[in-house]
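Colleague:
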Amino acid sequence: MGYPLIYFFSSPYCAPCKTVGKMLEEINISLFGNKLKIKKVDIAQEFELAQKFKILSVPTIIIGDQRLSVIIDKNELTDAILQGFLSSVSYSEDE
């Protein structure tokens, strides 16, 4: 299966997005050895992609599995919550 692709929808003017982005980077390094594939999406620059995923607010994180499920779209996101979500993602080292 491999590591999932994570879409991180944000905006440069969104203060919570900066916090969540930093948390994502830190967790990726500390838990996954920087192996998660994180695609940062600026909703103003990639409006069509944001529309495709029906992004209504930022920050929004979508985990890219076979179904592309929304897993996090809350501004109250904490490091512990994000770490819990990402730790529960199944992956294999094969890919």
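Position one of the sequence shown corresponds to residue 415 (our numbering), numbered consecutively onward.
Note that the Cβ used here is the ideal one computed from N, Cα and C, for glycine as well.
Computed from a predicted structure; not experimentally measured.
Would you list the one or two residues that DSSP bridges to Asp-456?
Modeller: Locating residue 456 in the sequence shown gives position 42, where the first residue counts as 1. DSSP, once it has assigned bridges, lists Ser-424 as partnering Asp-456.
Colleague: Nearest-angstrom Cα distance between Ile-469 and Ala-494?
Modeller: Indexing the sequence shown from 1 puts residue 469 at position 55. Indexing the sequence shown from 1 puts residue 494 at position 80. Near 23 Å, if we compare the C-alpha coordinates of Ala-494 and Ile-469.
Colleague: Check this for me: beta carbons of Ile-452 and Phe-422, under 8 Å apart or not?
Modeller: As a first step, residue 452 is located in the sequence shown; it is residue number 38 there, counting from the start. As a first step, residue 422 is located in the sequence shown; it is residue number 8 there, counting from the start. Yes. Within cutoff.
Colleague: Considering only C-alpha positions, which residue in the set Thr-492, Lys-449, Lys-466, Gln-459 is nearest to Ile-420?
Modeller: Here residue 420 refers to the residue found at position 6 when the sequence shown is read from its first residue. Comparing Cα positions, the closest option is Lys-449.
Colleague: By a C-beta neighbour count over all protein chains shown, 10 Å radius and 16 as the cutoff for buried, is Thr-492 buried or exposed?
Modeller: Against the sequence shown, residue 492 aligns to sequence position 78. It counts as exposed.
Colleague: Of all the options Pro-426, Leu-500, Ala-458, Ser-444, which has the alpha carbon lying nearest to the alpha carbon of Ile-475?
Modeller: Within the sequence shown, residue 475 is the residue found at index 61, counting from 1. When each option's Cα is compared against that of Ile-475, the closest is Leu-500.
Colleague: Since Lys-466 sits in a beta bridge, which residues does DSSP pair it with?
Modeller: Indexing the sequence shown from 1 puts residue 466 at position 52. Paired residue(s): none; Lys-466 is not in a bridge.
Colleague: For a quick check, are the C-beta atoms of Asp-456 and Pro-418 less than 8 Å apart?
Modeller: As a working note, residue 456 is residue 42 in the sequence shown. As a working note, residue 418 is residue 4 in the sequence shown. No, these two residues do not count as a Cβ contact at 8 Å.
Colleague: Let me check understanding here. Comparing Cα to Cα, which of Ser-471, Gln-497, Ile-477, Gly-498 lies closest to Ala-429?
Modeller: Locating residue 429 in the sequence shown gives position 15, counting from the first residue. Nearest option by C-alpha distance: Ser-471.
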